[in-house]
Amino acid sequence: RLDIDPPVSVFHTDDGELFAIDDTCTHQDASLADGWLEGCEVECPLHASKFNLKTGEVDAPPARRPVRTHEVLVENGMVYVQLSTAAPNLPPCVARKLAGALA
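In case it helps, the working numbering puts the sequence shown at residues 88 to 190.
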């Protein structure tokens, strides 16, 4: 997990692929890094939403909005994450906290 704002998680699948997605579930404020990895999906530890690591799309509810994905590069044994310029899909509770902090 990269401790940036918003946090990003990097996942290494059984078949050797690396993926990076926003760490916060879009349903509620839970860390996807604490979830379960199966194939190319991560399951949220809070309410079992599942997200596709390749696309960020929701594969199982209750989440409805995808997580943002980021490009992963491996050069000379080092892993680099190129952060997406798209806006993150934060869960409503986190978005409200941020809006209050910025006001």
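Glycine residues also receive a C-beta, built at the ideal position from the N, C-alpha and C atoms. None of the values given here were measured: they were computed from a predicted structure.
Three-way DSSP call (helix, strand, coil) for residue i in this model
i	result
V154	coil
L170	coil
A147	strand
H141	The sequence as given places Lys at residue 141; His does not occur at that position. The answer is coil: DSSP assigns K141 none of H, G, I, E or B.
L133	coil
Neighbour-count burial assignment, residue i, 16 or more Cβ in a 10 Å radius
i	result
I91	exposed
A109	The amino acid at residue 109 is misidentified as Ala; the sequence shows Asp. Per the 10 Å Cβ criterion, buried.
Residues sharing a beta bridge with residue i, DSSP
i	result
A107	V97 and H157
L89	V95
Residue i and residue j closer than 9 Å at C-beta
i	j	result
C131	G143	no
L105	V159	yes
Rounded Cβ spacing between residue i and residue j (contact assumed at less than 8 Å)
i	j	result
V166	H157	Contact flag wrong, Cβ pair sits at about 12 Å.
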